[in-house]
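Structure first, then comments.
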Amino acid sequence: MTAKIINGKEIAEQIRQELRTKIAALKARGITPGLAVVLVGEDPASQSYVRMKGRACEDLGLYSKTIVKPATTSEEELLTIIDSLNADPRINGILVQLPLPKHIDENKIILRIDPDKDVDGFHPINVGKMLIGEPGFLPCTPHGIQEMLMRSGNDPEGKHVVVVGRSNIVGKPVAAILVQKAKGANATVTIAHSRTRDLGSITRTGDIMVAAIGSPEFIKADMIKEGAVIIDVGSNRVSDPSAKRGYRWTGDVDFEAVKEKASAITPVPGGVGPMTIVMLMSNTVLSASRAHRQDI
Ligand code: L34
-10 MTAKIINGKE IAEQIRQELR TKIAALKARG ITPGLAVVLV GEDPASQSYV
40 RMKGRACEDL GLYSKTIVKP ATTSEEELLT IIDSLNADPR INGILVQLPL
90 PKHIDENKII LRIDPDKDVD GFHPINVGKM LIGEPGFLPC TPHGIQEMLM
140 RSGNDPEGKH VVVVGRSNIV GKPVAAILVQ KAKGANATVT IAHSRTRDLG
190 SITRTGDIMV AAIGSPEFIK ADMIKEGAVI IDVGSNRVSD PSAKRGYRWT
240 GDVDFEAVKE KASAITPVPG GVGPMTIVML MSNTVLSASR AHRQDI
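Read in order, the letters of the sequence shown correspond to residues -10 to 285 in the working numbering.
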């Protein structure tokens, strides 16, 4: 079997079009949703993600503000920036790009963001709401994965989803979302990770696999079930002297081999990445409509 490619770029574009209608409705009422992105340091991958977020805002006609600070920025300074964004009525969404430099406590920073502007869905209030199935903000990558599954005809209901990876950004929340008693969910979920014994014996039972390990091409063909749906969350920048820019993006899945055994697979680039960006736009629009009590 050769897998169907789940085109994240195309699905994200479809969602962008839906957002344009909502944004036009808000603008007709004098409301322009606004997003602030804060980047601390000079990690090249982070720089490129932050650039893409700014460009997506521009493309949709959202107000956007990108704040770039040196790696030496203190925790106190960053907290002050967040306080001012919390108080700024033009800003509906605040995102602090992770990872932060080691001397800054990420949890402390996230806790300072107004939960009503937490478009990343990382604040413990929103994490709690997600877990109990209450409306808040769903984290962009996990929510994007859910949208991707549904819009590609791979409803997770009743299926066994094996998540590989247990980060707060992807592994844990995607499991929490897909296990909900809700449309687009109702899955049986297993979370496997670096300490899982005999990983392959677990991953081979997954009808759907979400690979979020952060290790290039870690998932080999012999680790998946024949006909499985493979969601590759990996976003690894590996150096490649033959590439124009000197690097290329690769996922956590050995794409060439796995695509011969899976029924559907997301590519890297052009898979989960664009979904993350568009769900961020969606959360920002949602936040603005809530802030102005608009039902769109
Ligand atoms: N706070 N930190 C916070 N929020 C997030 O949602 C993120 N993440 C992850 C890292 N840190 C974060 C992102 O934005 C990863 N991530 C992300 C976003 C976009 C893409 C990849 C990761 C993406 O669109 N990648 C492209 C390839 C890159 C390119 O074309 O230059 C792709 O097609 O996969």
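For each residue, glycine too, the CB sits at the ideal point set by N, CA and C. Here the structure is a predicted model, which means the values were calculated and not measured.
* Do you know how far the Cα of Pro263 is from the Cα of Gln3? -> Going from the Cα of Gln3 to the Cα of Pro263 covers about 11 Å.
* Asked: How many Å lie between Cys129 and Gln135 at the Cα?
  -> Rounded to the nearest angstrom, the two C-alpha atoms are 10 Å apart.
* To do: List the endpoints of the continuous alpha helix (DSSP H) containing Ile102.
  => Following the DSSP letters along the chain, one finds Ile102 in no alpha helix (DSSP H), marked with neither H nor E.
* Thinking C-alpha only, which one of Lys214, Ser190, Gly30, Ile202 is nearest Asp196? -> Ranking Lys214, Ser190, Gly30, Ile202 by Cα distance to Asp196 puts Lys214 first.
* Asked: If you compare alpha carbons, which of Gly216, Leu24, Ile93 is closest to Glu249?
  -> Of the candidates Gly216, Leu24, Ile93, the one whose C-alpha sits nearest the C-alpha of Glu249 is Gly216.
* Asked: With respect to the beta strand (DSSP E) encompassing Ala200, which residues constitute its N-terminal and C-terminal limits?
  -> Segment 197 to 200, the beta strand (DSSP E) holding Ala200.
* Coarse secondary structure for Asn225, derived from DSSP in three states -> Asn225 carries a strand assignment under DSSP once its states are collapsed to helix, strand and coil.
* Going along the chain, which residues of its own chain have a beta-carbon closer than 8 Å to the beta-carbon of Ala176, five neighbours each way excluded? -> Closer than 8 Å at Cβ, skipping near neighbours: Pro145, Glu146, Gly147, Lys148, His149, Val150, Leu167, Val168, Ile197.
* To do: Provide the residue span of the beta strand (DSSP E) that contains His112, from first to last.
  => Counting along the chain, no beta strand (DSSP E) covers His112, and no H or E run does either.
* To do: Specify, as a first and last residue, the run of the alpha helix (DSSP H) that Thr179 falls within.
  => Element bounds for Thr179: not the alpha helix (DSSP H) but the beta strand (DSSP E), 177 to 181.
* Can you find a heavy atom of the ligand L34 that lies under 8 Å from the Cβ of Val29? -> Val29 Cβ: outside cutoff for every heavy atom of the ligand L34.
* Asked: So, helix, strand or coil for Val151, using DSSP?
  -> The three-state reading of DSSP puts Val151 in strand, counting E and B together.
* Does at least one heavy atom of the ligand L34 sit under 8 Å from the Cβ of Pro258? -> Correct: Pro258 has its Cβ closer than 8 Å to the ligand L34.
* Asked: If you compare alpha carbons, which of Lys(-7), Ile219, Gly235 is closest to Arg226?
  -> Residue Gly235 is the option with its Cα nearest to Arg226.
* To do: Would you check if there are 3 or more beta carbon pairs closer than 8 Å linking the stretch 23 to 40 to the stretch 52 to 68?
  => Flag = yes, the stretch 23 to 40 and the stretch 52 to 68 touch.
* Could you tell me the distance, in whole angstroms, from the CA atom of Ser271 to the CA atom of Arg9? => Approximately 10 Å, taken between the alpha carbons.
* Among all the DSSP beta bridges, which residues are the ones paired with Lys58? -> Bridge partners of Lys58: Val29.
* Have a look at Ile98, Arg101, Ile219, Asp105 and flag the residue whose alpha-carbon is nearest the alpha-carbon of Ala246. => In terms of CA proximity to Ala246, Ile219 leads the group Ile98, Arg101, Ile219, Asp105.
* **Pairwise C-alpha distance: Thr21 and Gly50** => If you take the alpha carbons of Gly50 and Thr21, they lie about 8 Å apart.
* Of all the options Asp94, Phe126, Ile93, Gly117, which has the alpha carbon lying nearest to the alpha carbon of Asp105? -> Considering only alpha carbons, the answer is Phe126.
* Considering Thr239, what are the terminal residues of the alpha helix (DSSP H) in which it resides? -> Note, Thr239: premise wrong, no alpha helix (DSSP H); beta strand (DSSP E) at 236 to 239.
* To do: From the DSSP output, read off the bridge partner residues of Gly23.
  => According to DSSP, Gly23 bridges with Tyr52.
* To do: Tell whether a beta-carbon distance below 9 Å holds between Asp103 and Ile121.
  => When the beta-carbon positions are compared, Asp103 and Ile121 stay at least 9 Å from each other.
* Asked: Quick one: is the Cβ of Thr239 within less than 8 Å of any heavy atom of the ligand L34?
  -> No, Cβ of Thr239 sits at least 8 Å from all heavy atoms of the ligand L34.
* Quick one: residues in its chain with C-beta nearer than 6 Å to the C-beta of Ile80, no 5 flanking neighbours on either side, listed in chain order? => Hits under 6 Å: Gly23, Ala25, Leu74.
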